[in-house]
Amino acid sequence: MKRFGIALAALMASAVSAHAQQTPVATGVSTQPNTTFVEAGRLLADPSNGVVQRDKTLVIRGNQVVEVRDGFVGDPSQGKVVDLRQAFVLPGLIDSHVHLTGQQNPNARLEEVTLSDADQAMVGARYARRTLMAGFTTVADLGASNQAIFALRNAVRNGDVPGPRIIAAGSSVSIHGGHGDINGYREDVMHLLSSESICSGPEDCMRAVRTQVRAGADIIKITATGGVLSNTAAGLNQQFSDDELSAIVGSAHRMGRQVTAHAHGVDGINAFLRAGGDSIEHGTYLDDQSIRLFKSNGAWLIPTLLAGDFVARIASGPDNFFTPAQTAKALEAGPKMLDMARRAHEGGVKIAFGTDSGVSAHGDNAQEFALLVRAGLSPLEAIQAATVGAAEHLRIANEAGKIAVGMPADIVAVSGDPLTDVTELERMKFVMKSGVVYRAD
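Have a look at this one:
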């Protein structure tokens, strides 16, 4: 024991010495947060009012905006000055529907059984950085391995990995054999890969919701109808029973979580909204009754037009890598989504920006803006959907969606005017998240 104590003391002394050699002594280093001055030629600080201000200086201390000054008054003696005098500056963008830990490709089905959760988290780190560089400083990830996406979310939050702020659902709550479950593999493989969030019956579905909350889910994502990319010929209509939907929404709300539903078929859309659901992803076959339910419930629609456009192009192209079941559904649903969004917008449904990226390529998220404009939104309305609207939908309006004193400094900039040409947002020039500059072209 005496020899062990001597050895342990020597080891600790060696470790302390090594640490001292690696860690320089802080002599006179300020503990005050750094100051950055962002000089903005045109500034859309609060997209809800559409007012574009001219010649402003944003004062950022640490990760927060602390002041907005008139004129270009950055002081290089007091901090770093960022020159965006010729740029159009607006809040960091929000994508309400992504899947960071993967991306559709010809090998996607093989990757389901070859990539571990750790592999998927590493893939997600790559796509998180790509998404951030495209100007999206906040995303909601709506369907991924619990271990992979929660680890990635926490790593971004801790500053270990560059990426957008992640609101994570983890595994989707789905019925056995439905969209969200494993389909199209050997029976024994499907049993191995099926998640704890797969359920049948109201009691079991309450268990699935509670299991996801326990695992760390920020939001509950369910698959209320069949889906395009599930490899099963089960259609696009309602899959949960009405009783199961009520059980899911009730149990999630009691645990302080909102519930969003993947839903294409009108029967599943309306059943979920009648159950008190908070938002619909896709909404392909919504009807007039759906619009009334959206408005009476205050629910949100996330149209994911880019996903519809992408799957239709792949399924009808010469290099189609979808299975026959996926191809049939892609050709059926994809072309209908623009008209769906147009009808919803004309009917006064609240729309939040979301792309379903991971179906389409990560980093291409801003292509959704042009599709929203084609569906009848003005460029300002499309920007509102990706800023103040998405922030309200995701219940983070005090953290994201506008540039204001006291809020995190999530700031992006483009060269041209996106209120005139919304595709300017596809050509991002500057990205700051929480006061840290990640891109400055």
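What the sequence shown shows, in mature numbering (1 follows the signal peptide of the UniProt record, and there is no 0), is residues -20 to -1, 1 to 421, in sequence order.
Positions of the beta carbon are idealized from the N, C-alpha and C atoms, including for glycine.
Checklist entry - Buried or exposed: D140, going by 16 or more other Cβ atoms within 10 Å of its Cβ? => result It counts as exposed.
Item to check | Contact check, V61 vs E19, beta carbons under 8 Å | outcome: Their beta carbons are under 8 Å apart, which means V61 touches E19 by this criterion.
Next on the checklist: Please report the distance separating the alpha-carbon of Q127 from that of R22.
Outcome noted: Approximately 42 Å, taken between the alpha carbons.
Item to check | Span separating the alpha-carbon of S337 from that of G143 | outcome: Near 15 Å, if we compare the C-alpha coordinates of G143 and S337.
Next on the checklist: Could you compute how far the alpha carbon of L285 sits from the alpha carbon of L351?
Outcome noted: If you take the alpha carbons of L285 and L351, they lie about 6 Å apart.
Item to check | Inside the stretch 75 to 160 only - beta strand (DSSP E) runs reaching at least 3 residues | outcome: As far as the stretch 75 to 160 is concerned, its whole beta strand (DSSP E) runs of at least 3 residues are 116 to 121 and 145 to 148.
Checklist entry - Expressed to the nearest angstrom, what Euclidean distance is found between the alpha-carbon atoms of L64 and D319? => result Approximately 38 Å, taken between the alpha carbons.
Item to check | Contacting residues, own chain, Cβ-Cβ under 7 Å from A287 (five flanking each side not counted) | outcome: Excluding positions up to five away in sequence, the list reads T335, D336, V339 and S340.
Next on the checklist: To the nearest angstrom, how far is the alpha carbon of A384 from that of V46?
Outcome noted: One alpha carbon belongs to A384, the other to V46, and they sit about 8 Å apart.
Item to check | Buried versus exposed, by CB contacts within 10 Å (16 or more), D390 | outcome: With 16 or more other Cβ atoms within 10 Å, it is buried.
Checklist entry - Going along the chain, which unbroken runs of the beta strand (DSSP E) with 3 or more residues stay wholly within the stretch 391 to 416? => result Those beta strand (DSSP E) runs which fall completely within the stretch 391 to 416 and span 3+ residues are 391 to 394 and 410 to 413.
Checklist entry - Taking Cβ positions only, does S175 come closer than 8 Å to chain D? => result Within the model displayed, chain D is absent; a lone protein chain is all it includes.
Next on the checklist: Applying the 10 Å Cβ sphere with the 16-neighbour rule, what's the burial state of E326?
Outcome noted: With fewer than 16 neighbouring CB atoms inside 10 Å of its own CB, E326 falls in the exposed class.
Checklist entry - Helix, strand or coil: which one does DSSP assign to A371? => result The answer is helix: DSSP assigns A371 an H, G or I state.
Item to check | Rounded straight-line distance, which links the Cα of I228 to that of V193 | outcome: V193 and I228: Cα-Cα distance of roughly 12 Å.
Checklist entry - What is the C-beta distance between I202 and V153, in whole angstroms, given that I count them as a contact (C-beta under 8 Å)? => result So it is a contact: roughly 4 Å between Cβ atoms.
Item to check | Ranges of the alpha helix (DSSP H) found wholly within the stretch 316 to 359, counting only runs of at least 4 | outcome: Under the rule that a run must span 4 or more residues, the alpha helix (DSSP H) segments found entirely inside the stretch 316 to 359 read 317 to 326 and 347 to 354.
Item to check | Whole-Å CB distance - V136 paired with A114, under 8 Å assumed | outcome: Distance from V136 to A114 at the Cβ level is roughly 15 Å; contact not present, criterion being Cβ atoms closer than 8 Å.
Item to check | Run of the alpha helix (DSSP H) containing K275, from where it starts to where it stops | outcome: From DSSP, the alpha helix (DSSP H) with K275 extends over D268 to N277.
Next on the checklist: If contacts are defined as beta-carbon pairs under 8 Å, then I146 and F116 qualify, I think. What distance do you get, rounded to the angstrom?
Outcome noted: Their Cβ separation, rounded to whole angstroms, is 11 Å, which puts I146 and F116 out of contact at 8 Å.
Checklist entry - Quick one, which of L405, A251, T303 and A313 has its alpha-carbon nearest residue 425's? => result The displayed coordinates of the chain run from -20 to 421. Any statement about residue 425 would go beyond what the structure contains.
Checklist entry - What first and last residue would you give for the alpha helix (DSSP H) that runs through K309? => result Annotation: the continuous alpha helix (DSSP H) that includes K309 extends over P304 to A313.
Item to check | Neighbourhood of E404 by C-beta, 6 Å cutoff - its chain only, sequence neighbours within 5 removed | outcome: For E404, where only same-chain residues beyond five positions count, the Cβ hits under 6 Å are V394, G396 and P398.
Checklist entry - Just how far apart, CA to CA, sit R407 and V69? => result When rounded, the distance between both Cα atoms is 13 Å.
Checklist entry - Who does K36 pair with in a DSSP beta bridge? => result Beta-bridge pairing links K36 to A20 and D50.
Checklist entry - When you compare each of V208, D168 and S175 to S125 by their alpha carbons, which one comes out closest? => result From the listed residues V208, D168 and S175, the smallest Cα separation to S125 is found for S175.
Item to check | Coil, strand or helix - G381 by DSSP | outcome: Coil, per DSSP.
Checklist entry - Would you say the stretch 256 to 272 touches the stretch 235 to 243, given that touching needs at least three Cβ pairs under 8 Å? => result With the cut-off at 8 Å, the stretch 256 to 272 and the stretch 235 to 243 touch.
Checklist entry - Got a sec, what are the start and stop residues for the beta strand (DSSP E) D63 sits in? => result In the DSSP assignment, D63 falls within the beta strand (DSSP E) that extends over K60 to P71.
Next on the checklist: Quick check: the Cα distance between Q347 and L132, rounded to an integer number of angstroms?
Outcome noted: Distance between the alpha carbons of Q347 and L132 is about 25 Å.
Item to check | N87, buried or exposed, once every other Cβ within 10 Å from all chains shown has been counted against 16 | outcome: With fewer than 16 Cβ atoms within 10 Å of its Cβ, N87 is classed as exposed.
Next on the checklist: Our contact map puts G248 next to Q269 with C-beta atoms below 8 Å; I'd like the distance itself, whole angstroms only.
Outcome noted: With a Cβ gap of about 13 Å, G248 and Q269 do not count as contacting.
Checklist entry - Taking the alpha carbon of G160 as the point to measure from, which residue in A148, D35, D168 and S177 has its own alpha carbon closest? => result Considering only A148, D35, D168 and S177, the residue with the shortest C-alpha distance to G160 is S177.
Checklist entry - Out of R254, Q306, A149 and M412, which has the shortest C-alpha to C-alpha gap to R190? => result The option with the nearest alpha carbon to R190 is A149.
Item to check | L281 - partner residues in DSSP beta bridges | outcome: BP columns for L281 point to I260 and I331.
Item to check | Residue environment, P298, which counts as buried when at least 16 other CB atoms sit within 10 Å | outcome: With a 10 Å radius around the Cβ and a threshold of 16 neighbouring Cβ atoms, P298 comes out exposed.
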